[in-house]
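*Asks:* Residues in the sequence shown are numbered consecutively from 2, following the numbering used here. Glycine included, every Cβ here is placed at the ideal spot set by N, Cα and C. Questions regarding the structure given below will be posed in turn.
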Amino acid sequence: MSTSIRRTLKTAAAASLTAGLLAAGAAAASAHVTVDPSATAEGGFTKLTFSVPNESETAKTNRLEVKLPTDTPLTSVSVKPMDGWKAQVVTTTLPKPVEIAGATVTKAPTSVIWTADAAHQIGQKEFQTFTLSVGRLPAAGTTLMLPAAQGYTDGTTANWADAAEGEHSNPSATSSDAASAPAAEAKEYHPAPSFVVTAAEAVDGSATATPDAAPASETQATGSNGGQAAGWIGLVAGLLGLAAGATALVRTRAVKK
Numbered sequence: 002m003s004t005s006i007r008r009t010l011k012t013a014a015a016a017s018l019t020a021g022l023l024a025a026g027a028a029a030a031s032a033h034v035t036v037d038p039s040a041t042a043e044g045g046f047t048k049l050t051f052s053v054p055n056e057s058e059t060a061k062t063n064r065l066e067v068k069l070p071t072d073t074p075l076t077s078v079s080v081k082p083m084d085g086w087k088a089q090v091v092t093t094t095l096p097k098p099v100e101i102a103g104a105t106v107t108k109a110p111t112s113v114i115w116t117a118d119a120a121h122q123i124g125q126k127e128f129q130t131f132t133l134s135v136g137r138l139p140a141a142g143t144t145l146m147l148p149a150a151q152g153y154t155d156g157t158t159a160n161w162a163d164a165a166e167g168e169h170s171n172p173s174a175t176s177s178d179a180a181s182a183p184a185a186e187a188k189e190y191h192p193a194p195s196f197v198v199t200a201a202e203a204v205d206g207s208a209t210a211t212p213d214a215a216p217a218s219e220t221q222a223t224g225s226n227g228g229q230a231a232g233w234i235g236l237v238a239g240l241l242g243l244a245a246g247a248t249a250l251v252r253t254r255a256v257k258k
């Protein structure tokens, strides 16, 4: 094998290894608290499952707080019990009253806090899931943001509260400032767990109603009446035919005589 070919293979191998390491680093950096709703239909109830990975190399996760919306409050909130974790649903007065299904709501659950005992904290390369049952969901198209604060045993907290990627940057900073700022000073993106409420389905499972379509019973009745009318017309036509035939026979006999 020639020297140039060996160098080419070594370069390709090094590039592949570097790409793999970068991909692994990106995957580790992208790990964050997420929420998976079991249903998203307007006006319904859903089970929210939060996935919480431990991202610290030296500390364990021992606390999680999920904040609930106050502009579109969830009036029903219950917690699935977890071994080694104590859960608290915090109910407070809303910033302003909200009308829900014709009723004025002034207080509602605004956060849920889980705290672990020493034996059940989330360690390195581990994750845990936390489950809530909530309802009723607000109008279709509403984005439910559920900011989460992840506490560690060393006293630090990771706040997963950014609305959308790109919105966490400092709007007053100029492009030259951003270019000159060290990479370490750039704020890390921590997206808040969220999902979008979808339209409610009709009772029969269809997405939209069809008021212009005649009900099946009416269609059947119309067809039945039409068939009966056609039968009577046929009967009358038959009787008239018999009468005409009888008249012609009588006239023929009269002529012969």
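Drop a sphere of 10 angstroms on the beta-carbon of E56, count the other beta-carbons inside from all chains shown, and report buried for 16 or more, exposed for fewer.
*Replies:* When all chains shown are included, E56 counts as buried.
*Asks:* Pull up the distance between the alpha-carbon of G136 and that of V198, whole angstroms please.
*Replies:* 12 Å
*Asks:* May I ask you to verify whether the region 108 to 117 touches the region 62 to 72, counting CB pairs closer than 8 Å and requiring at least 3?
*Replies:* yes
*Asks:* Which residues in the same chain have their Cβ closer than 6 Å to the Cβ of A201, if we skip the five residues on either side of it in sequence?
*Replies:* Taking C-beta separations shorter than 6 Å and ignoring five residues to either side along the sequence, the partners of A201 in its chain run A42, E43, G44, following chain order.
*Asks:* Can you tell me whether V36 is buried or exposed? The criterion is at least 16 other CB atoms within 10 Å of its CB, across all chains shown.
*Replies:* buried
*Asks:* Counting Cβ pairs closer than 8 Å, one from the region 69 to 77 and one from the region 132 to 148, do we hit at least three?
*Replies:* yes
*Asks:* Pair every Cβ in the region 88 to 102 with every Cβ in the region 46 to 53, then say whether three or more of these pairs are closer than 8 Å.
*Replies:* no
*Asks:* Quick one: give me the first and last residue of the beta strand (DSSP E) that I114 is part of.
*Replies:* 104 to 117
*Asks:* In angstroms with no decimal places, state the Cα-to-Cα distance between A40 and F46.
*Replies:* Their backbone Cα atoms lie some 7 Å apart in a straight line.
*Asks:* Going by DSSP, what residue range makes up the beta strand (DSSP E) through F1?
*Replies:* Summary: the structure shown does not reach residue 1, with the chain confined to residues 2 through 258, and so no result is reported for it.
*Asks:* Report the residue from A165, A60, T59 whose alpha carbon sits nearest the alpha carbon of T144.
*Replies:* Considering only alpha carbons, the answer is A165.
*Asks:* By the 10 Å Cβ neighbour count, where 16 or more other Cβ atoms means buried, how is Q129 classified, buried or exposed?
*Replies:* buried
*Asks:* Can T94 and T73 be called in contact, C-beta distance under 9 Å?
*Replies:* no
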